[in-house]
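Just so you know, the sequences run in chain order A and B.
Quick note: the first sequence uses this note's numbering, first residue 1, plus one each step.
Quick note: the second sequence uses this note's numbering, first residue 1, plus one each step.
Idealized CB from N, CA, C, for every residue including glycine.
There are 2 protein chains.
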Amino acid sequence: QRFSGGIGSKLCGTLEEAARGAERCHYFIGVLFPSFYLHSVDLLPAMDGDTKTMTFLQEVVDILLAYIVESFDRETKVIDFHYPNELLQLNNWELQDEPATLDDILISCRATLKYAIKTAHPRYFNQLSTGLDMVGLAADWLTSTANTNMFTYEVAPVFVLLEYVTLKKMREIIGWPDGRGDGIFSPGGAISNMYAMLLARFKMFPEVKEKGMSSVPRLVAFTSEHSHFSIKKGAAALGIGTESVICIKADESGKMIPADLERRILEAKQKGLVPFFVSATAGTTVYGAFDPLIAISDICKKYSIWMHVDGAWGGSLLMSRRHRWKLDGVERANSVTWNPHKMMSVPLQCSALLVREEGLMQNCNQMHACYLFQQDKQYDLSYDTGDKALQCGRHVDIFKLWLMWRAKGTVGFEAQIDKCLELSEYLYNKIKDREGYEMVFDGKPQHTNVCFWYLPPGIRYMEDKEDRKKHLHKVAPVIKARMMEYGTTMVGYQPQGDKVNFFRMVISNPAATFEDIDFLIEEIERLGQDL
Amino acid sequence: QRFSGGIGSKLCGTLEEAARGAERCHYFIGVLFPSFYLHSVDLLPAMDGDTKTMTFLQEVVDILLAYIVESFDRETKVIDFHYPNELLQLNNWELQDEPATLDDILISCRATLKYAIKTAHPRYFNQLSTGLDMVGLAADWLTSTANTNMFTYEVAPVFVLLEYVTLKKMREIIGWPDGRGDGIFSPGGAISNMYAMLLARFKMFPEVKEKGMSSVPRLVAFTSEHSHFSIKKGAAALGIGTESVICIKADESGKMIPADLERRILEAKQKGLVPFFVSATAGTTVYGAFDPLIAISDICKKYSIWMHVDGAWGGSLLMSRRHRWKLDGVERANSVTWNPHKMMSVPLQCSALLVREEGLMQNCNQMHACYLFQQDKQYDLSYDTGDKALQCGRHVDIFKLWLMWRAKGTVGFEAQIDKCLELSEYLYNKIKDREGYEMVFDGKPQHTNVCFWYLPPGIRYMEDKEDRKKHLHKVAPVIKARMMEYGTTMVGYQPQGDKVNFFRMVISNPAATFEDIDFLIEEIERLGQDL
């Protein structure tokens, strides 16, 4: 029996228990398990560090395997929640001058996981990225072990090739001829969207790279009022300014209204502004709405504006023969953001920007650093892709997606996605006519987002509409806080426009089942009935 | 005996051997090892997936442990190099519609590692980030397993606290009173530098966030001609333009000349331009030079310009009592980039931007996304740090640094850094008067960069200076290509200004020893003597 309790053992319930457990074990481990006496300097590259290293890493892996098994267990809490001030007291998190023992390091690992949120838990619905894929996890462990950098082929030969293969496949799925085009894996959808805006600006005014915004006319970008805040964030960073992002009206279900887009483009042109970028959203963050891409692409074509599709959330529906029609027209886009770390459950982070025009990224971003991109290397330099990035060093995000794709096949991703959408339809059908529920918008969910209010009995029959609204606004936050207190489940909520706080249920976790949806409803009612 | 050969076994020599090995094993593993018949859908969250999952992950870990041990073995190649076209043929890397077996997944893992570069290898000197720290690796495996996102406390309570603790500690080490200030871990030094430029612009002209660059005068930034290309990349992205980055002259050893900085500032002001940002470099990429920070800070103060210190490479010397004087004056900076993934050997990626002024990042970048940063949460919202980032989702980069710091203590990092500098001094002393070597600049290395030419006998006595230069330019690339062909070691080279290709040796790998330095020199001479 190893100190950690071996594979499959329960994690220690509290830190105190962990400490007691450690004490009990010391008698046995003096000889067998060296971590109590060892420090990190005893591990590789230390002389004769092999065995000690493997023992230490195996101990860590045992802790992780136990955590994984526990995470999928519905009897376990999703979170053992503590307020920041409490959590600061629960362990000694301070950094010291002197080294700790490896034993202490293992204790720190256990403590960190004890208070971590179990994102793999079948009842964790809090974000667009949920779940934990075992092959993806294995791939991420391998990536950490390979510990390299995407900038050149010479230091990441396999990963550079796999990025090439995978981006091409994704472009084929988008529908670009022969999968031609370009792309990059970037640190998240916000940065992918920023790349798109950068490319659109450069395409229209290449001189902006050298001369800056003072050399170009006043630019304006367009996106729907339901789009992700990263469009404005990007505009602020790129020196375009948030006021130059014009928010287009969305209909009741959250889709951009093309007529309003055209109207606002004309209005901007009349003011002498130059429309350069439209970001349509495929799967909005809150409603899960799909903007009408064909109509939008017609407008973009008419006015020669770069069309970007922010499919960070909804792009993965392209993998589903049943649902990909929601993105019809995506093949007309100039660029597409698509985050496999969301609906495809690839471990964080994994976000792709796909670009239709070849060579543009390189021209837009390259700076020819000669210490990195030497022109007299022995191999084909087109594989040194680092200079098309904004980053210099770039984390290897590709391997987990590639290995998962290999393991599931396209059909496996499709099945996983279809199942999540089925679950959300189940939820929708279950609550749409149920007493105490109101849907935020009518109609079946397009993505897995189901937006709804739960009205506790005390609010249900309030006559004064304003009073009712005021009370209702407080319901979701309290239920959510109680969920976290009990640790039974987690789901997001927010207000939107003039709509008071409502729940936004999203399902991207392949571990979730119909029973988990039932549980969520029961839990909301259990925690909210007295409000 | 497990299929993978168990801990410590050699990796299969070729893919063919792996396949044969697999075949030989099938007889035994039918019952014992299920991966041959299993697919990813049989793993968790599948019913009864626990054992299968743990077996599969343990198989992967065995592969990784074997790879790790092999990586530190000097008898192993640093790289089994293949040209891109060859590598594409060596395995089936294509993505399929149908799922592969878990057996195939394990084979893919082995193939990926077989052709990967062994960045932990004691003779891998190719980049500023080298080596593989065992505690850092363990921490990264844990991070992958926790699979969460830094944007809010509710989904990353421990990691958010650890980021807070660690950034504070880093600011204390910089020398800011009580460690006050702000900061963030970003996806690499280039993005950290871009953040700094963004903050400097916002500090001077807060209206730029809403109104863009058209609302501000023509801005100019300053950095030395030896600085990292990310300063220009950032300026291009932010709409400032590369021409507005003025390159200040450096002296022979690569340090910025303060008098030239002041001259260029005055010149810019006379032209009506507005100097807003000076990026001093602490540890240049090629020479490892430290700009004179005190003199530069005096100038920045005099002209009210934001002073940034790009210490991506050299910032870690702040951990060394012996070497931190090289950054004297860093405490006067407004912002500092410091990449623990370089000189501190934290696994990639781990880059921090530290900012002196509190609250500025938040004001500069926040967009108040109400689906994420709800204002009616139950806990102290100052721990929801996501809105100060350019990213929305943000990878957890903190845990590996925190756990390594815990394991080594500050003194452990110091010892590791001091040792690398000692090795580079050893190299410098060894070659400075050796026949066939010329140093690119005089004097002891300030960082671990040692820049030198190796002159093969055939070139050593050439009379015609131009001819000699022309020949010499080709030497480093050929030796490097041969190093990769043999797989014995890897070191960088590049031209700089009018200087033809020279080797840039850097040492950040804690596994390297004096013998490895000797080996490098022997290897250069062995591979280059016929040129």
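- From the listed residues B:Leu65, B:Gly239, B:Leu266, B:Lys232, the smallest Cα separation to Leu57 (chain A) is found for B:Leu65.
- Looking at the backbone, the Cα of Ala312 (chain B) and that of Leu167 (chain B) are separated by about 15 Å.
- According to the DSSP assignment, Trp93 (chain A) belongs to no alpha helix (DSSP H), since it is labelled neither H nor E.
- Ranked by Cα distance from Thr284 (chain A), the first of A:Met307, A:Val245, A:Ile231, A:Ile299 is A:Ile231.
- Proximity of the stretch 296 to 311 of chain A to the stretch 264 to 275 of chain A meets the contact definition, three or more beta-carbon pairs being nearer than 8 Å.
- If you compare the alpha carbons of A:Leu199, A:Ser508, A:Thr55 with that of Thr448 (chain A), the shortest gap goes to A:Ser508.
- Looking at the DSSP output, Asp310 (chain A) sits in a beta bridge with A:Thr281, A:Thr337.
- Your pair Gly492 (chain B) and Tyr371 (chain A) checks out as a contact, with CB atoms roughly 6 Å apart and the cut at 8 Å.
- Interface residue (Cβ-Cβ distance to chain A less than 8 Å): Met213 (chain B) is classified as such.
- With its beta carbon at least 8 Å from every one in chain A, Asp467 (chain B) lies outside the interface.
- Taking 8 Å as the Cβ-Cβ cut-off, the stretch 434 to 465 of chain A has no residue approaching chain B.
- Bridge partners of Val286 (chain B) according to DSSP: none are assigned.
- Rounded to the nearest whole angstrom, the CA to CA distance from Ile63 (chain B) to Pro347 (chain A) is 20 Å.
- The Cβ atoms of Ile246 (chain A) and Gly212 (chain B) lie no closer than 8 Å to each other.
- Residues of the stretch 42 to 61 of chain B with a C-beta less than 7 Å from any C-beta of chain A: Leu43, Leu44, Pro45, Asp50, Thr53, Met54, Phe56, Leu57, Val60, Val61, listed in chain order.
- Secondary structure note for Ile257 (chain B): it is in no beta strand (DSSP E), with a DSSP letter that is neither H nor E.
- In the pairwise beta carbon analysis, the stretch 394 to 413 of chain B is classified as not touching the stretch 483 to 501 of chain B: fewer than three pairs are separated by under 8 Å.
- By the Cβ test, the stretch 82 to 90 of chain A is in contact with the stretch 149 to 168 of chain B, since at least three Cβ pairs between them sit closer than 8 Å.
- Cys247 (chain B) is outside the set of residues whose beta carbon lies under 8 Å from a beta carbon in chain A.
- Interface criterion not met: the Cβ of Gln529 (chain B) is under 8 Å from no Cβ in chain A.
- For Ala200 (chain A), not one C-beta of chain B is nearer than 8 Å to its own C-beta.
- Residues of the same chain with a CB within less than 6 Å of the CB of Ala295 (chain B), apart from the 5 flanking positions on each side, are Pro258 in chain order.
- The beta carbons of Met483 (chain B) and Glu515 (chain B) sit no closer together than 8 Å.
- The contact set of Ser244 (chain A) on chain B, defined by CB atoms closer than 7 Å, consists of Gly212 in chain order.
- Along the stretch 125 to 147 of chain A, the positions whose C-beta sits under 7 Å from a C-beta of chain B are Asn126, Gln127, Ser129, Leu132, Met134, Val135, Leu137, Ala138, Asp140, Trp141, Leu142, Ser144, Thr145, Ala146, Asn147, read in chain order.
- Taking 8 Å as the CB threshold, Met204 (chain B) stays off the interface with chain A.
- With 16 or more other Cβ atoms inside 10 Å of its own Cβ, Asn126 (chain B) counts as buried.
- When Cβ-Cβ separations below 8 Å define contact, Ala116 (chain B) makes contact with chain A.
- In the structure shown, Ser186 (chain B) falls within a strand segment according to DSSP collapsed to helix, strand and coil.
- Within the stretch 490 to 519 of chain B, the residues whose Cβ lies closer than 8 Å to any Cβ of chain A are, in chain order, Met490, Gly492, Tyr493, Gln494, Pro495, Gln496, Asn501, Arg504, Pro510, Ala511.
- Exposed is the label assigned to Asp97 (chain A), since fewer than 16 other Cβ atoms lie within 10 Å of its Cβ.
- Inter-residue distance for Pro477 (chain B) and Ile431 (chain B) is about 20 Å (C-alpha atoms, whole angstroms).
- Comparing alpha carbon positions, the residue from B:Gly487, B:Pro457, B:Ile517 closest to Glu422 (chain B) is B:Ile517.
- For Ala236 (chain A), the enclosing alpha helix (DSSP H) starts and ends at 230 to 237.
- Under DSSP, Leu353 (chain A) forms a beta bridge with A:Ile184, A:Thr337.
- When only Cα atoms are considered, Tyr454 (chain B) and Lys377 (chain A) end up about 18 Å apart.
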